[in-house]
Amino acid sequence: MQFQGEHKESLYWGTYRPQVYLGIRARTPKSLIGGLMWINVKDGKYKLRHVCKHEDELSTYGWIKHNGRDFGHQVLVDNGLNLATKFLKYKGEHSGYGGDWALRIDAQIHESMLNKELERGAQIFFYLADEGGNVLDISRENFNAHESSLLVSGSRPDIGDWQLHLKSMDDVELHYSGFHTLNFHNLSDLVEENLASQIRRHDRVQLSDSSDDSPNVLVFQIMGGFPFTTDIVLISGTDSESSRVEQRVRNLTGTSLTNQLKDKEQSFDQKFEKVFNLAEKVDSESIPVGKAAIGNLLGGIGYFYGQSKIAISSILNLKEQVNILSYWPAELYTAVPSRPSFPRGFLWDEGFHQLLIWRWDIHISLDIIGHWLDLMNIDGWIPREQILGAEALSRVPEEYVPQHPTNGNPPTLLLALSDIVSGLKNNEFTAMDSSKISLFLDRAFVRLEAWFQWFNTTQSGNKMSSYYWHGRDNMTMHELNPKTLSSGLDDYPRASHPSGDECHLDIRCWMFLAADCMHSIEVLLNKETKPHENYGSIAKLLSDHDLLNQMHFDYAYGAYLDFGNHTEKVELKWREVEVGYNHSAHRLVRVVLEKPELSFVPHIGYVSLFPFMARIIPPGSPILEKQLQLISNRSLLWTNYGLRSLAKTSSLYMKWNSETESPYWRGQIWINMNYMILSALHHYSKENGPYQDSSKALYKELRSNLIRNIVSNYEDTGFLWEQFEQDNGKGHGSHPFTGWTSLVVLIMAEAYGNI
Numbered sequence: 003m004q005f006q007g008e009h010k011e012s013l014y015w016g017t018y019r020p021q022v023y024l025g026i027r028a029r030t031p032k033s034l035i036g037g038l039m040w041i042n043v044k045d046g047k048y049k050l051r052h053v054c055k056h057e058d059e060l061s062t063y064g065w066i067k068h069n070g071r072d073f074g075h076q077v078l079v080d081n082g083l084n085l086a087t088k089f090l091k092y093k094g095e096h097s098g099y100g101g102d103w104a105l106r107i108d109a110q111i112h113e114s115m116l117n118k119e120l121e122r123g124a125q126i127f128f129y130l131a132d133e134g135g136n137v138l139d140i141s142r143e144n145f146n147a148h149e150s151s152l153l154v155s156g157s158r159p160d161i162g163d164w165q166l167h168l169k170s171m172d173d174v175e176l177h178y179s180g181f182h183t184l185n186f187h188n189l190s191d192l193v194e195e196n197l198a199s200q201i202r203r204h205d206r207v208q209l210s211d212s213s214d215d216s217p218n219v220l221v222f223q224i225m226g227g228f229p230f231t232t233d234i235v236l237i238s239g240t241d242s243e244s245s246r247v248e249q250r251v252r253n254l255t256g257t258s259l260t261n262q263l264k265d266k267e268q269s270f271d272q273k274f275e276k277v278f279n280l281a282e283k284v285d286s287e288s289i290p291v292g293k294a295a296i297g298n299l300l301g302g303i304g305y306f307y308g309q310s311k312i313a314i315s316s317i318l319n320l321k322e323q324v325n326i327l328s329y330w331p332a333e334l335y336t337a338v339p340s341r342p343s344f345p346r347g348f349l350w351d352e353g354f355h356q357l358l359i360w361r362w363d364i365h366i367s368l369d370i371i372g373h374w375l376d377l378m379n380i381d382g383w384i385p386r387e388q389i390l391g392a393e394a395l396s397r398v399p400e401e402y403v404p405q406h407p408t409n410g411n412p413p414t415l416l417l418a419l420s421d422i423v424s425g426l427k428n429n430e431f432t433a434m435d436s437s438k439i440s441l442f443l444d445r446a447f448v449r450l451e452a453w454f455q456w457f458n459t460t461q462s463g464n465k466m467s468s469y470y471w472h473g474r475d476n477m478t479m480h481e482l483n484p485k486t487l488s489s490g491l492d493d494y495p496r497a498s499h500p501s502g503d504e505c506h507l508d509i510r511c512w513m514f515l516a517a518d519c520m521h522s523i524e525v526l527l528n529k530e531t532k533p534h535e536n537y538g539s540i541a542k543l544l545s546d547h548d549l550l551n552q553m554h555f556d557y558a559y560g561a562y563l564d565f566g567n568h569t570e571k572v573e574l575k576w577r578e579v580e581v582g583y584n585h586s587a588h589r590l591v592r593v594v595l596e597k598p599e600l601s602f603v604p605h606i607g608y609v610s611l612f613p614f615m616a617r618i619i620p621p622g623s624p625i626l627e628k629q630l631q632l633i634s635n636r637s638l639l640w641t642n643y644g645l646r647s648l649a650k651t652s653s654l655y656m657k658w659n660s661e662t663e664s665p666y667w668r669g670q671i672w673i674n675m676n677y678m679i680l681s682a683l684h685h686y687s688k689e690n691g692p693y694q695d696s697s698k699a700l701y702k703e704l705r706s707n708l709i710r711n712i713v714s715n716y717e718d719t720g721f722l723w724e725q726f727e728q729d730n731g732k733g734h735g736s737h738p739f740t741g742w743t744s745l746v747v748l749i750m751a752e753a754y755g756n757i
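Now the structure itself:
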């Protein structure tokens, strides 16, 4: 009940469809949804933009400011066409549930990019669709944006009667088309087919001004010369006698909207400085990048509804017989790593997202964490990737859809909760917020316990206090080193032959951090310690430095390493392979050249630094010096742009893992791990001991390198990136990636919390 009432209503509408360039919906399964499309022309070809795609090759796009609640400002630049979308929510006394919202669309063209097709003006499309199939009533056949502004109306159980209005002070021409469909992930196809038909029949790029019977999707084409501005407003609760529709439309359009947007921009800027206090910590060029980082993280928060597919089998390969069951229908309110590539919930990513979001808006953060905990099954397992609904399913390769209930994912949500608990102890919250946080922790505790116990039992190893990530494929014929997707580090090198004898260093450290967090919550809430769930004792055992060294420290390498059944003599070789009846193909096949042995796995990289990240190493230990040497060694991990994921000396450094899998965590620079390492350097720079000064020097240089490279990439390319190349620092992979790369804001702010 904590997230009901006023809180729930205040977050009802939002830009909760991160997979499209602009998408508005409510936090309800069968919502009214709105969205933006536009046409650009390149090399004489018309291109319809709608769903975020790398292949659209936009120069930049993303929310440069967004407060997660009622305001956002996004910039999209597409081959010289500059679009700005500004979103505003308003709850007045006459509004229906969730209030009203306005969208301002500004379209401009860069003179140097003007071509014959674009000289005709902008081609913008705004659509409204009812996922529940409710009929939308189009107001009339001929639109005039100057005279009457009503486009469409309808009625819904949640918000009552509603109306959509369009106003523009510029001269715009409107056309429309209506459709009846319950498939909302392919709305672009409906528009493209309608336009193609009109081009064939009438040689013009405009919608047909016609509709299917009982349409639940209406698309409006807005055509105007450059520059032009259009305001689109949804007014809810128009069925009451005192609904004052005209006055409310006036309030959310024109000059009145301009002034409100200006106020919201200023409020965002003031809050950003108050929360992160960057003015004295970074140069002025870095601050807009920080705003865009948190803006697109908050603007990328989505609402999803559907059923996960669960694979009931220990076999990873989908070609084998597995039973696919459906999870219960569930909703998820969550941030997402990347709008074009990963516009859905990922469990371990979300913990890193929340390190930022709780500092910005504790109520949004707790609501998101609560949604994730609601996805837990009776065993205490949470599916690591949330592919909910047809739209999400349509974008994920088939082999990644089923979730395996034997496989975990780092419990990073506990990192955020650990920070929040520290904030409570340090009186960083108001009295009202503190009581709400305590209430949340009290209610969530039983689920957090179940989650911890699931990890502690299902991921435990053969040796006492050892753990290993389940889910590696020990039958693979095509992978150089079987992936460990459950660890989050995918292709990071592990033991060549997966087995129950493995001891994974990173999960052991995650379990320490989890036990430590659970203990801090237990103490805060004055919970009675249960003998079989004594989190303090588990944390003490897992932070025992001598025991850790016995299990994971290789004195010959001077580094912490995984342990398992391993040989370095594994290669990928081309072979003729049978691929069907009487057919063969040339394939890269895994070839093992010597028998594996139980030993340390000799690969130095991020995993080797987990005891350092978890701050288990005593500040006076010579092993701390060895960790600092690993970090600072240019032949191993250090670059001018951040720390590599894998040492240059590793036999798998930048090696492809299969015919189709390029290196991912085998050298590239990742910001979430660099943030955790930086946090540990900051910690050790404050601890008295022989390595305090060297920790401080490395901290300053690494922080400076990370900020400089991320800011310079953003200025050069218009994006924050998934990872960065270790040779030249260039952004690589998905973009915009305002998931954990947004942690650059906390790096700028020097906000590290308890990590």
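For the sequence shown, this note's numbering assigns the number 3 to the initial residue and increments by one for each residue that follows.
No residue lacks a Cβ here, since even glycine has one placed at the ideal position from N, Cα and C.
Quantities reported herein were computed from a predicted structural model and do not represent experimental measurements.
What first and last residue would you give for the beta strand (DSSP E) that runs through residue i?
| i | result |
| --- | --- |
| Q200 | No beta strand (DSSP E) contains Q200, which is instead part of the alpha helix (DSSP H) from 189 to 204. |
| S539 | Looking at the DSSP string, S539 is not in any beta strand (DSSP E); the run it does join, the alpha helix (DSSP H), is 537 to 544. |
| Q356 | Counting along the chain, Q356 falls outside any beta strand (DSSP E), though it belongs to the alpha helix (DSSP H) covering 349 to 362. |
| G308 | 304 to 308 |
| V235 | 230 to 238 |
| A332 | 332 to 336 |
Between which two residues does the alpha helix (DSSP H) carrying residue i extend?
| i | result |
| --- | --- |
| V1 | There is simply no residue 1 to check, as the chain begins at 3 and stops at 757 in what is shown. |
| K758 | Missing from the structure shown is residue 758; the chain here goes from 3 to 757 and no further. |
| Q268 | 256 to 278 |
| G7 | 7 to 12 |
| G473 | Careful: G473 lies outside any alpha helix (DSSP H) and carries neither H nor E. |
| A426 | Note on residue identity: the sequence assigns Leu, not Ala, to residue 426. Element bounds for L426: 415 to 427. |
| G98 | Premise fails: G98 is in no alpha helix (DSSP H) and is neither H nor E. |
| N674 | 673 to 687 |
| V525 | 507 to 526 |
| I633 | 624 to 634 |
| L105 | Note, L105: premise wrong, no alpha helix (DSSP H); beta strand (DSSP E) at 102 to 111. |
| E393 | 392 to 395 |
For residue i, which residues does DSSP report across the bridge?
| i | result |
| --- | --- |
| W65 | Q76 |
| Y693 | BP columns for Y693 are empty, so no partner. |
| F602 | F565 |
| S586 | E580 |
| F181 | V219 |
| R646 | I671 |
| D167 | Reading off the sequence shown, one finds His at residue 167, where the question assumed Asp. In DSSP, H167 forms a bridge with L152, V235. |
I'd like to know whether the C-beta atoms of residue i and residue j end up nearer to each other than 8 Å.
| i | j | result |
| --- | --- | --- |
| Y655 | L648 | yes |
| S367 | W374 | no |
| W672 | N298 | no |
| N409 | G473 | yes |
| S736 | S343 | yes |
| A131 | I35 | yes |
| V53 | Y63 | no |
| M513 | L544 | yes |
| L630 | S697 | yes |
| P331 | Q21 | no |
With DSSP run on the structure shown, which of helix, strand or coil describes residue i?
| i | result |
| --- | --- |
| V247 | helix |
| V609 | helix |
| D548 | helix |
| L320 | Only weak support is given to the placement of L320: the predicted model assigns it a pLDDT of 48, under 50, and the question is left unresolved by the model. |
| D369 | helix |
| D172 | coil |
| R51 | strand |
| F127 | strand |
| L574 | strand |
| Y92 | strand |
| I161 | coil |
| L60 | coil |
| F614 | helix |
| N711 | helix |
Beta carbon of residue i: closer than 7 Å to some heavy atom of the ligand HEM?
| i | result |
| --- | --- |
| S179 | Of ligands this structure carries none, so the ligand HEM is not represented either. |
For chain D, check one thing: does any of its Cβ atoms lie closer than 8 Å to the Cβ of residue i?
| i | result |
| --- | --- |
| N409 | Checking the listed chains, one finds no chain D in this structure; it contains a single protein chain. |
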